[in-house]
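Residue numbers (my numbering): 702 to 809.
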Amino acid sequence: MGGTPIRATLVSYWTARPNAVLSVEDVMNELVEPRRRVQSGMGSLLNSGLLPGLRIVQSGNLWEYRPVVPEKNTEPRGETFEYVGTLKSGALILEDTEGILYRATELE
């Protein structure tokens with residue numbers, strides 16, 4: 702007995718619905734899959750860690766997906782900066798050796 706792997710289908714389903722709280726019925730109806738297959742696939746997906754931010758709200762019946770956004774590194778990567786331009790606010794635009802742009806303002 703073959704068929705489409707449900708875990709891959711569920712990853713696509715949840716990534717298209719960030720910040721959603723959905724019931725097993727919601728998922729079953731939209732994917733046209735039986736309850737047992739959805740619940741089994743959700744268990745497998747949760748155990749795999751493939752989708753950080755997916756959590757159980759009510760065991761086997763309700764799940765929530767809040768995508769995990771990695772923190773942006775705000776530390777300058779390069780040590781040398783080149784002046785690129787000035788904004789209307791007076792802030793300078795600088796570029797480091799890796800091509801990352803920064804806004805620089807006078808310290809008070």
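Ideal Cβ placement from N, Cα and C applies to all residues, glycine included.
7 Å Cβ cutoff met for Gly765 and Val722: The sequence given here places Glu at residue 765; Gly does not occur at that position. When the beta-carbon positions are compared, Glu765 and Val722 come within less than 7 Å of each other.
What residue from Val785, Leu802, Thr798 and Val770 has the CA that sits closest to Asn720's CA? Looking from the CA of Asn720, the closest CA among Val785, Leu802, Thr798 and Val770 belongs to Val770.
Should Met702 go down as buried or exposed, given a rule of 16 or more other Cβ atoms within 10 Å for buried? Caution applies to Met702, whose pLDDT of 44 falls short of 50 and renders its modelled position unreliable; the value that the coordinates give is listed next. Met702 is exposed by the Cβ-count criterion.
Using a Cβ-Cβ cutoff of less than 8 Å, which residues in the same chain neighbour Gly750 once the five nearest sequence positions on both sides are dropped? Counting only Cβ-Cβ distances below 8 Å, and skipping sequence neighbours, we find nothing.
I need the straight-line Cα distance from Pro735 to Leu746, nearest angstrom please. One Cα belongs to Pro735, the other to Leu746, and the distance between them is close to 16 Å.
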